[in-house]
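4 protein chains.
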Amino acid sequence: MAETRKLRMGMVGGGPGAFIGPVHRMAAELDGRIEMVAGAFSSSPEKSRAAGVSFHIDSARAYAGYEDMLGAEKQRQDGIDFVVIATPNHLHLPVAKAALAAGIPVVSDKPATATYEEALELERLVKASGLPYGLTHTYAGYALVRDARAICASGELGAIRKVSVEYLQGWLSEPLELTGQKQASWRSDPAQNGPGGCIGDIGTHAFHLVEYMTGLDVTALHATLRSVVPGRRVDDDCTALLKLSNGADGVLMASQIAAGEGNGLRIRVYGEKASLHWQQETPNTLQLRRNSGPDETRHAGMAYLNHAARAVTRLPGGHPEGYLEAFAVLYREFAIALEAWRSDRLDVLPDTLPGIRAGVRGMRFIERAIESNKTGAWVDF
Amino acid sequence: MAETRKLRMGMVGGGPGAFIGPVHRMAAELDGRIEMVAGAFSSSPEKSRAAGVSFHIDSARAYAGYEDMLGAEKQRQDGIDFVVIATPNHLHLPVAKAALAAGIPVVSDKPATATYEEALELERLVKASGLPYGLTHTYAGYALVRDARAICASGELGAIRKVSVEYLQGWLSEPLELTGQKQASWRSDPAQNGPGGCIGDIGTHAFHLVEYMTGLDVTALHATLRSVVPGRRVDDDCTALLKLSNGADGVLMASQIAAGEGNGLRIRVYGEKASLHWQQETPNTLQLRRNSGPDETRHAGMAYLNHAARAVTRLPGGHPEGYLEAFAVLYREFAIALEAWRSDRLDVLPDTLPGIRAGVRGMRFIERAIESNKTGAWVDF
Amino acid sequence: MAETRKLRMGMVGGGPGAFIGPVHRMAAELDGRIEMVAGAFSSSPEKSRAAGVSFHIDSARAYAGYEDMLGAEKQRQDGIDFVVIATPNHLHLPVAKAALAAGIPVVSDKPATATYEEALELERLVKASGLPYGLTHTYAGYALVRDARAICASGELGAIRKVSVEYLQGWLSEPLELTGQKQASWRSDPAQNGPGGCIGDIGTHAFHLVEYMTGLDVTALHATLRSVVPGRRVDDDCTALLKLSNGADGVLMASQIAAGEGNGLRIRVYGEKASLHWQQETPNTLQLRRNSGPDETRHAGMAYLNHAARAVTRLPGGHPEGYLEAFAVLYREFAIALEAWRSDRLDVLPDTLPGIRAGVRGMRFIERAIESNKTGAWVDF
Amino acid sequence: MAETRKLRMGMVGGGPGAFIGPVHRMAAELDGRIEMVAGAFSSSPEKSRAAGVSFHIDSARAYAGYEDMLGAEKQRQDGIDFVVIATPNHLHLPVAKAALAAGIPVVSDKPATATYEEALELERLVKASGLPYGLTHTYAGYALVRDARAICASGELGAIRKVSVEYLQGWLSEPLELTGQKQASWRSDPAQNGPGGCIGDIGTHAFHLVEYMTGLDVTALHATLRSVVPGRRVDDDCTALLKLSNGADGVLMASQIAAGEGNGLRIRVYGEKASLHWQQETPNTLQLRRNSGPDETRHAGMAYLNHAARAVTRLPGGHPEGYLEAFAVLYREFAIALEAWRSDRLDVLPDTLPGIRAGVRGMRFIERAIESNKTGAWVDF
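Here it is in structure tokens:
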């Protein structure tokens, strides 16, 4: 076994008050393959430096802008191996563009960009660059999502007939953005967030999960977007009817005004013979229900799961893994892709890691939903 | 306390192989206020008599037709006080009509009739007769549905913003009607069942529950009805978007091809401040969730419930009541209405018991859903 | 199909304020095989008559004493076919004795008697009489208890190694008996209740469930009984370690001061290969868990259950049955036994219905637990 | 904000095939305050080096023995700040002793030592050294265990009357140690594990949780230890009755032959007014149940929790944290203690972090349980 060093990560965004920056740091480092060594955490030099201190990184590597970081790190022997983008959405494209231009692989928080057009542009750039690009649709990293995906692919359910997915939160039940709460503010500002509100912030996760788990594509949709809280500038409650590529139907609900809900991402897939039931808030179990026999509850960490699920757990059955561990699975797979790319053995990501295709489809979903809502009619995808 | 006799019930339908006949008998008699004494259980004299024997009723009172029963019972000193209709849907109107014409109050299984036009006719007849008429939307009889209804009415949730209701079953995942299974056969035959399949059989229950629990009316809908199982003559999977009278939105899913589901009627009501969560398969608990505090789980039989809920439980907390007990609540309330009518003190039913208005709205729902499905557009209600 | 009449029941006890009287009435009549026609509901003639009126029975048959009832009913052509005893415990033996002496079969609420010695006496009388005798250990009537029993008998679990049973209630957390609450008062009075408090009231149910479900006998125990609430005259919290006849161990907890618990009867049976998990408050599911595969959740009313379970459900899967339905199963089986006895075809009860053996063992359990608590040592059973 | 470096950790044990070594590494590094830089992972130099490579540490710092590591690291400018002991139990004392002698703080896996006498010796050494010592009773790190602890301390339950704790696993249902499975082998060998089997491996966790959550001490116990699987050399199934320092009773079950159980650590605390219910397999919720109102379900990450719980979550409500995150809480608190000690501001650990007192009590628990099992009697603690 030859000695290898950890991969070096530089973060853009994730400064003081950010939720997702520390999450990326913890997730990236969890499996011991990656270390964060640099960051452009904030456009304020002081804030960026303070964030660097809080992360215990060399203060010389806490930059005030991503261009600075990319430039300086390229000069270092021990420069970063990849960039993670953890900014508000409107910066996703510019940062990714700059990184790719500098020949640096990218991990991006979702959605891939602020608009569908940007996503198409980014897709071209990623393909042209040949560089690894990963998109952190976190929920794709859960072991039992992987198990469900394998079950769908195996045909055990029979043909899929119906999918119900919902992503319900209650935290925007009141106009939190008026209080200056940072998370609520940028998400409610079309200039920073893009045109979609709830549909982009969490609707895309639900949409991605449908395609990721079932292996089917959405081919048409009929969406209703509402801004329920008075004065809100983006949608906060969405319902979309879906047509899937095999003729199945889907129903997608996303809401941030569902009072009393925490982070209620739930999916059910109904096939001819059986159905799957998974909920993000209790992620370590998956239900498989049949008309002809008892319900099954499948537990993370157990030997009877599909290989794809067993491959991504770190602990024995009964020892819960959570959101950070799911997130870390995506970083683990990005690290594999990066190593493969560095050694010229592969120019593709593992097919389990969401990439630019998922990014484009997610942005297309937002754009199509807004269009359908405008016309009140079904739109093709 | 003056001695009173039990109320005497005569059943139409419910002969051999029927599911709902024995259920009506058990529910009607549970609280000791009603006894079944007569029946026209089947159009076959032999089958009707056999059913009478199985019910331990006087064989002279097991009739071969409802006209016979109505005629003969009118002549008896100890004749029936009311009729219950437990036939396939196409007979609901003719039987109700005959009973009302004979001056005999009616309990009817749902839906009220086979078509919307029939429902309007029945409404006129019921109103003209002044006779008590009850419609057994069973789920309205559960204690915690009553509790939820009281909570909605109290304003504790704030204004209602969103309702999700679903009624998912898996038993028609295969073309069971081709095997001759009795329940599947008549439900899949438009001539016996009316034009709707799943939308009528269980969609109406879901629809009724929304209006019953929230106190709001549906004012518009957009429905998709599918016949998923090849060869099926009626719909077996339905999704409807709803507009409610206060501006709230609703999503209704009804399916009989949701493999692995038993009798999955579930409703969630989201208000400005809190939400309610109830599931028929675990009917003795109700969840109340708030953004600002712990979730509450409310248990049937407990002193802290609303009066409306406490009024309809028979057992202390922790002693589960089920489907039959909920059904029996409706019979208890019908008995109260009947006594009131007999003593000329009231000509109305308790407002907790679904009646002809619910019947008309349910048939309207089916008709509107079929219309919307045809046009692919929103329809007013 | 020959016409048959319903079996006629006379109740002793169950007058105003009683919980269990109406429960017996509802349970007995649920399946349409039995009707309550007489009762000695209270030693006060007025109260007995009032109870009779509330039950809609002929006021001539609402007696002031059980001797009166037994005497008068023997004279009637349409006299009672059996007696149900729903009194406080100290009357169980005298009433049963009188009924058996009069040649009238008996259903008794549990425990069978007030003391172990009385139970032995009653056992002799029942055996000598040859009359059917049923003991309403309600929980034995649940479909999934029957399913679990069949699974234990089948060997599917492998040899049973460990049983955990608990029956936890919170309603006696405060000295309710001092407020005059009727249920609390007699249960806290050794003269009416017998020497055990919680151990007799609910501990016996837990004990019975262990033997009933596993098919094993308890052979030794080590019990601790406490009176936690100051001033209480009987035990209100009990723990017993059990040895079972195959060498397995058991742990039994019974408490009426477990604040926040409703009627928390729960049992888990661990075998070499798998375990069973059942809870009374959600009685329509049974979990079967294995080391080697997913957990199974088995649902009442489904075709895959053991015959013994399918035989006792009235409704399709997903339609919850509850406490009354379980209770009614015991009455149904008593009715079968009674018919068999009347037609001289059998002199035994179905082996699914708890009888005098269960009664004697339950009283032995109380006596042994009190003895063990006194000596602080293990006692043989 | 001054720049600070991460604390440097050296591990003893945790080589190839170990479960707990990588867990310690992930947990220690999760919050970004600690990095593992050295290790004596195995007594085989090759295996130790291979482990070092897999952890991406400098191969010069992968030692073959803990004495080597302690000696070499003392010489380095960038030497380790503390040692974590992740070996089989019989090495806990020798390693801790050597570390303390070298002036190096210690984190130890539980149990603290192999025997009670050793624990007393270690306690003397820790106290004499004045060095920070942390014991990783992982479950103490869960947010809702902290919340429950704060609730117990607040008096909200009233006086505690009864505690039920259980820790049930099924993985040793068969004689896995005979197959050479590493985890099973050393745990079943008294020479490596100490005299207790299940009672030490998981019984101590359950015992610790009782004292940690309630704030009460165990003062006496009555234990039964069994070796159920034929040929097993240590106990694999244990039941202990407990007396607590306020007069309350407890029941503790620990088993590794509970087929179908994963990692079933569950605790219930019953007070005069309310009870708490927590389960490790769904660690992000805590139930609070009262006789007088609805059950409460409290969710990790929510603002309404006690400060002690809010202080140890990293994610918003609805984003599950798991076993690693709980583990990491203990490391976070050890890091705080270490910083305090280094700056001479404190010589004590935070009272939330289990330390040597917990270690001694745990070993006393094992010793007392074995003694009680031998005599069949209650023993003082």
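Chains as they are written, first to last, in the working numbering: chain A, 3 to 383; chain B, 3 to 383; chain C, 3 to 383; chain D, 3 to 383.
Note that CB positions come from ideal geometry on N, CA and C, so glycine has one too.
Model, not experiment: these values are computed from the prediction.
Can you say whether residue i is buried or exposed, counting buried as having 16 or more other CB atoms within 10 angstroms of its CB?
i	result
residue 116/D	buried
residue 79/B	exposed
residue 77/C	exposed
residue 62/C	exposed
residue 337/A	buried
residue 283/B	buried
residue 205/A	buried
residue 374/B	buried
residue 344/B	exposed
Would you mind reading off the limits of the beta strand (DSSP E) that contains residue i?
i	result
residue 313/B	No beta strand (DSSP E) holds residue 313/B; DSSP gives it neither H nor E.
residue 289/A	287-292
residue 281/B	276-281
residue 297/B	297-301
residue 41/D	36-42
Smallest Cα separation from residue i: which of the options?
i	options	result
residue 376/D	166/D, 165/D, 289/D, 223/D	223/D
residue 178/A	136/A, 150/A, 128/A, 234/A	234/A
residue 186/D	83/D, 81/D, 231/D	231/D
residue 239/B	201/B, 336/B, 251/B, 271/B	201/B
residue 203/B	67/B, 111/B, 130/B, 49/B	111/B
residue 2/D	162/D, 276/D, 267/D, 265/D	This structure gives no information on residue 2/D, because the portion of chain D shown stretches from 3 to 383.
residue 357/C	125/C, 317/C, 191/C, 237/C	125/C
residue 34/B	227/C, 120/C, 56/C, 8/C	56/C
residue 142/B	273/B, 347/B, 269/B, 11/B	269/B
residue 221/C	381/C, 271/C, 10/C, 241/C	381/C
residue 120/C	93/C, 7/C, 139/C	93/C
residue 54/A	6/D, 271/D, 321/D	6/D
Counting along the chain, where does the alpha helix (DSSP H) carrying residue i start and finish?
i	result
residue 77/C	68-77
residue 272/C	Where residue 272/C is concerned, there is no enclosing alpha helix (DSSP H), although the beta strand (DSSP E) it sits in stretches over 266-273.
residue 15/C	Note, residue 15/C: premise wrong, no alpha helix (DSSP H); beta strand (DSSP E) at 9-15.
Are at least three pairs of beta-carbons, each pair with one atom in the segment 162-178 of chain C and one in the segment 249-262 of chain C, less than 8 Å apart? yes
Given 8 Å as the limit, is there contact between the segment 143-155 of chain C and the segment 288-303 of chain C, that is, 3 or more CB pairs closer than that? yes
Check whether the segment 21-37 of chain B and the segment 323-331 of chain B touch, using three or more Cβ-Cβ pairs below 8 Å as the test. yes
Should the segment 306-321 of chain C be regarded as contacting the segment 286-294 of chain D, the criterion being three or more beta carbon pairs within less than 8 Å? no
Contact set between the segment 271-304 of chain B and chain C, restricted to residues whose Cβ is under 7 Å from the partner: Contact residues of the segment 271-304 of chain B toward chain C are 283, 284, 285, 301 (C-beta to C-beta distance below 7 Å).
Is the segment 126-135 of chain A touching the segment 206-221 of chain B in the sense that three or more CB pairs, one from each, lie closer than 8 Å? no
Three Cβ pairs or more, each shorter than 8 Å: is that satisfied between the segment 82-89 of chain A and the segment 97-106 of chain A? yes
Would you call the segment 149-157 of chain D and the segment 356-373 of chain D in contact, with 3 or more CB pairs under 8 Å? no
Residues of the segment 255-268 of chain C with a CB closer than 8 Å to any CB of chain D: list them in chain order, please. 255, 257, 259, 260, 261, 262, 263
Short of 8 Å Cβ to Cβ, which residues in the segment 312-329 of chain C face chain B? 316, 317, 318, 319, 320, 321, 322, 323, 324, 325, 326, 327
Hey, is the segment 340-360 of chain C in contact with the segment 39-49 of chain C, meaning 3+ C-beta pairs nearer than 8 Å? The answer is no - the segment 39-49 of chain C does not touch the segment 340-360 of chain C, with fewer than three Cβ pairs under 8 Å.
For the segment 27-54 of chain C, list every residue whose C-beta sits within 9 Å of some C-beta in chain B, in sequence order. 27, 28, 31, 32, 33, 34, 35, 37, 38, 51, 52, 54
Output needed in chain order: residues of the segment 227-239 of chain C with a Cβ under 8 Å from some Cβ in chain D. 228, 230, 239
Mind checking the segment 336-363 of chain B against chain C and listing, in chain order, the residues whose C-beta falls within less than 9 Å of any C-beta there? For the segment 336-363 of chain B, the beta-carbon criterion of a distance under 9 Å to any beta-carbon of chain C is satisfied by none of its residues.
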